[in-house]
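Heads up, the thing below is written out as structure tokens.
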Amino acid sequence: MSIRVGLDLGSTAIKAIFTEEGKCLWRGVLPTVPGQEAVASALINAGLTESKRMRGDIADVVSTGYGKKLFACARANVDEITANAEGAAKLSGGEARTVINVGGQDIKAIRVDERGVVVDFRMNDKCAAGTGRFFELAARLLDSPISDFDWLAKNSTEEVELNSTCAVFAESEIVSLLARGIPKEDIAKALYASVARRIAGLAGPLCGGEPVYLDGGAARNRGLAEALEDEMMTEVRVFEHPQFTVAYGAAVSSL
Amino acid sequence: MTGDNVLSREERFLKKFSAGAEAETRKIVSALRTRLDYSREFDYFIELAETCGDAEAVSCRTGRRTVNLLCVQAPVEMVHAAGFQPFRVWSGSSAASRFSLAAAPALMCPMLKALLGSLRANEGARDGNWIIPTTCDWVIKFPEMASYECPSFLPRVFWLELPHLKDGPNGGEKWLDEIYRFKKYLESMGEKIDRHSIAESIELYREAWSALTKISRMRGCGLLANVWFALIAGTMFLDDVRKWTAAVLNVAASSTAAYRNNARVFLAGSPIVFPNFKLHLLLEETGMSVVADDLCSSERIIPGAAAFEDTSEFGLMSALAERYHRACLCPTFIDNDRRVNNILGQRAETNFSGVVFHVLKGCHPYDIEGMGLERTIKDRGLRFIRIETDYMPEDERNLSSRLEAYRCTLPTPQ
């Protein structure tokens, strides 16, 4: 019995991570669909199979995320801000002081101390601006998967302004840019800048000038980190597996 | 009804409004009655709250004509002394606020939006005279918005012009003049207010305030949940003040469940009005106990007992005027250091470790004042969280995440 499982039941994806003495053994992700408990169980089963372990090897399961209370087999649940802070602190070797999480439905900016204890935080209200949903919407309009945005943005040749951070207004702005024949590449770059502006507005007051750590599903897009660096005028570091920081924090949580 | 059971537009509005308002009230009442700390002493207040928007019911219950009051600056003692029942009109109904969508700016104060909605949907709610102190911009413009639908509304408003500089050279004098003008106005509709009637009313409300203070202390000690305190305070003007006071003393005499392991917080900011107890319940669910507050819907429902030595009519009127002006912590005042001092003073009494600052979306005065308050509170080593929300339930999950994380930053009392 040595495996600690962290489960992050998020709004768009369910992430699971197996750890042993703080080290990651396995990680997996599935999209969130109705019946989150079954999805989480399926992830754990997959993890056991792939890491060649037995159910009896699991010492602890801690859940987090919006759906944390839906997984009845978890011994404890921890809120996602606390889990994110603990995960980021451990993964950065205690260096992270400001962590920005761009999730499917929200953005969080967290100030942590060297032990990973939350000192302060900010979170967007009920609005999809700057979240993963915003990227999904843009992907549909640009007819390109989100994973292509980096490549598109890198090939941008002209500066284009996307003024709206509101998902609804941005949608009509993107449609009109496309109608004017603006290349997708320029729009993708403008999209990153627009989201970065929104994030900087939220997180700015919390930053103390040190490097900022970026995680959450949207952090897999390197272009977002670059745009955020430009906007916040500070170094932005991205964890190796940014989508799993919160699940990792739950797994190693001191709860 | 018009012929063949077809509802007129007004009837349809009223039916839809009533169904929505009743459903949300039923939901919160059911949540209250199934709590572990529910006891029969609370039934009186629950039943009052169920009719909180109905001035006619209040009038029947008290045998007095109601006078509608917005905000907390009009001395209720004077209304009572003139033979009326003071009726604090505000609304926490999200069903009602939906009825104002076509008649109000999107980012309007949710409380006034709900009030506007109930006026639009229900003609009966428009009756009576309205006492409106000139507090925030939304309140000042509210009668104008209400009069688009109901032209007879504006002429029935009595404005109490509120000096926003309390400690300025003329603020107190101007306000006393306003209070005398208010007296004349009340007397023109009701009974003459004399030294005896005003003294009697001051005494009645002093007793009510004293009873409220008792249960406030119980809350501070973890003997009464904040949700009950908020419910009780919010019903103060829905029945005869003597009956209400007796019922509060009944609660004070009974011991209810304690929440001593929860983290202790101070709740500040915009009012929270029944049935919109979303934040009260979320705070509890996330492991926090509100041990004190400065909401004008709860702790500040009346500003406390008027203190006087001079028992002449002028002495009593001056005492009331001062109590309702200088002691008021409304953020629409320019000189409002008292708010911070009050919070820090309560810290010594109730030992809370954090402040939850509630801002109703569109409530600019609280939003502005929250910034300075945050700095001061944090400077004192206390935790601070600002929660901006409205009456709609869809942000509960988001709020819950924030409150859970905030709770983790607070120490649990031993």
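These protein sequence lines map, in sequence, to chains H and V. Residue numbers 1 to 255, in my numbering, belong to the letters of the first sequence in order. Residue numbers 1 to 414, in my numbering, belong to the letters of the second sequence in order. Even glycine gets a Cβ: it sits at the ideal position worked out from N, Cα and C. This structure is a prediction, so every number in the text was calculated from the model and none was measured.
- Interface with chain H (8 angstroms Cβ-Cβ cutoff): V:Asp43 is excluded.
- The beta carbon of H:Tyr66 lies closer than 7 angstroms to those of Leu9, Gly10, Ser11 in the same chain, with the five residues before and after it left out.
- Listed in chain order, the positions of the region 55–72 of chain H with a beta carbon within less than 8 angstroms of a beta carbon of chain V are Tyr66.
- The distance from the Cβ of V:Phe158 to that of V:Trp130 is about 7 angstroms, consistent with a contact at the 8 angstroms cut-off.
- Residues of the region 98–121 of chain H whose Cβ lies closer than 9 angstroms to any Cβ of chain V, in chain order: Gln105, Asp106, Lys108, Ile110, Val117, Val118, Val119, Asp120, Phe121.
- Within the same chain, Cβ atoms closer than 6 angstroms to the Cβ of H:Arg237 are found at Pro211, Tyr213, the five residues on either side in sequence being excluded.
- At a cut-off of 8 angstroms between beta carbons, H:Asp8 makes no contact with chain V.
- Counting the other Cβ atoms within 10 Å of the Cβ of V:Cys60 gives fewer than 16, which makes it exposed.
- Within 9 angstroms of the CB of V:Thr409, the CB atoms of chain H belong to Thr82, Val117, Val118, Val119, Asp120, Phe121, in sequence order along the chain.
- As the crow flies, the alpha-carbon of V:Ser353 is around 31 angstroms from that of V:Arg206.
- Judged by DSSP secondary structure, V:Cys60 falls outside any beta strand (DSSP E) and instead within the alpha helix (DSSP H) spanning 55–62.
- Neighbours of H:Asp125 in chain V, taken as residues at a C-beta separation under 7 angstroms, are given in chain order as Glu388, Asp395, Asn398.
- Within its own chain, the residues whose Cβ lies closer than 6 angstroms to the Cβ of V:Tyr366, once the five positions on either side in sequence are excluded, are Gly269, Ser270, Pro331, Val359, listed in chain order.
- Contact with chain H is found for V:Ser401, since one of that chain's Cβ atoms lies less than 8 angstroms from the residue's Cβ.
- Note: V:Ser289 is bridge-paired with V:Arg264 in the DSSP secondary-structure output.
- DSSP lists V:Gly269, V:Ile387 as the beta-bridge partner residues of V:His358.
- No residue range can be given for H:Pro242, since it is assigned to no alpha helix (DSSP H) and is classified by DSSP as neither H nor E.
- The contact set of V:Ala405 on chain H, defined by CB atoms closer than 7 angstroms, consists of Asp79, Ile81, Thr82, Val118, Phe121 in chain order.
- Nearest C-alpha to H:Val112 among H:Gly93, H:Cys127, H:Asp125, H:Ala129: H:Gly93.
- When secondary structure is reduced to three states using DSSP, H:Arg115 falls in the coil class, being assigned neither helix nor strand.
- Within the same chain, Pro163, Ala321, His325 come within 6 angstroms of V:Trp175 by CB-CB distance, once the 5 residues on both sides are set aside.
- Membership of V:Gln346 in any beta strand (DSSP E) is not indicated; the residue belongs instead to the alpha helix (DSSP H) covering 337–350.
- Between the region 165–173 of chain V and the region 284–299 of chain V there are fewer than three C-beta pairs closer than 8 angstroms, too few to call the two in contact.
- By the Cβ rule, the region 219–232 of chain H does not count as touching the region 105–123 of chain H, because fewer than three pairs are nearer than 8 angstroms.
- Assignment of H:Tyr66 by DSSP, reduced to helix, strand and coil, places it in the coil class.
- Under the rule that a run must span 4 or more residues, the alpha helix (DSSP H) segments found entirely inside the region 198–246 of chain V read 226–234.
- Pairing V:Ile385 with V:Phe357 gives a Cβ-Cβ distance under 8 angstroms.
- Under the three-state reduction of DSSP output, H:Pro205 falls in the helix class.
- The alpha carbon of H:Ser164 has as its nearest neighbour, out of H:Ile187, H:Lys68, H:Leu152, the alpha carbon of H:Ile187.
- Fewer than three Cβ pairs drawn from the region 35–52 of chain H and the region 20–28 of chain V lie within less than 8 angstroms of each other, which leaves the two stretches out of contact.
- Taking all protein chains in view, the Cβ of V:Leu7 is surrounded by fewer than 16 other Cβ atoms within 10 Å, so the residue is classified as exposed.
- For H:Asn77 against H:Thr245, the beta-carbon gap comes to about 17 angstroms, at or over 8 angstroms, which does not count as contact.
- The region 38–50 of chain V and the region 243–256 of chain V touch, with three or more beta-carbon pairs separated by less than 8 angstroms.
- CA-CA distance, H:Ser51 to H:Asp57, rounds to 11 angstroms.
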